[in-house]
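One structure is given below, encoded as structure tokens.
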Amino acid sequence: MITCHVRYLIDPYQVPAFEEYARLWIPLVQRLGGQHHGYFLPAEGANNVAYCLFSFPSLAEYEHYRRQAETDPECIAAVAKAMQLKFILSYERSFLRPVLG
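In terms of my numbering, the sequence shown opens at residue 2 and continues consecutively.
Encoded structure:
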């Protein structure tokens, strides 16, 4: 299993728009074969940092998801909304290998 961890720098004045974007992606990732672990929005501390975690059985399956997302109309619309409203200032993507009990 591979888990994708995304750290977002967001516009703190547009947290509701980012939350709406997050709610769009959770079912999209699941529909395209991933397991979504949720988005984590600012509560205390920094008001412009958000996180996201989702997993795929392998890096190859994650890469397949990425290729599918590039042509999926709902994914394209979600990305277009983020680009139009500019609530994501930057992001960093890391891949993690979970240790489970």
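Glycine included, every Cβ here is placed at the ideal spot set by N, Cα and C. Since the structure is predicted, the reported quantities are computational estimates derived from the model, not experimental observations.
Same chain only: Cβ atoms within 6 angstroms of residue i, ignoring 5 sequence neighbours per side
i     : result
Pro13 : Asn48 and Asn49
Cys76 : Leu29 and Ala70
Cβ neighbours of residue i in the same chain (closer than 7 angstroms, five flanking residues each side left out)
i     : result
Ser95 : His6
Tyr98 : The sequence given here places Arg at residue 98; Tyr does not occur at that position. So the list reads Ile3, once near-sequence residues are dropped.
Gln15 : Leu86 and Phe88
Contact test: residue i Cβ vs the ligand MN heavy atom, cutoff 7 angstroms
i     : result
Leu97 : Annotation note on the ligand MN: not contained in the displayed structure, which lists no ligands.
Whether residue i touches residue j by CB criterion (8 angstroms)
i     : j     : result
Gly39 : Phe57 : no
Glu64 : Arg8  : no
Ile89 : Phe41 : no
Ala79 : Leu25 : yes
Proximal residues to residue i (C-beta, below 8 angstroms), its chain only, five neighbours per side dropped
i     : result
Phe55 : Thr4, Cys5, Val30, Gly35, Gln36, His37 and His38
Tyr52 : His6, Val7, Arg8, Tyr9, Tyr40 and Phe41
For this session: Could you name each continuous alpha helix (DSSP H) segment of 4 residues or more that falls completely within the region 28 to 77, going from the start of the chain to the end?
Result: 60 to 72
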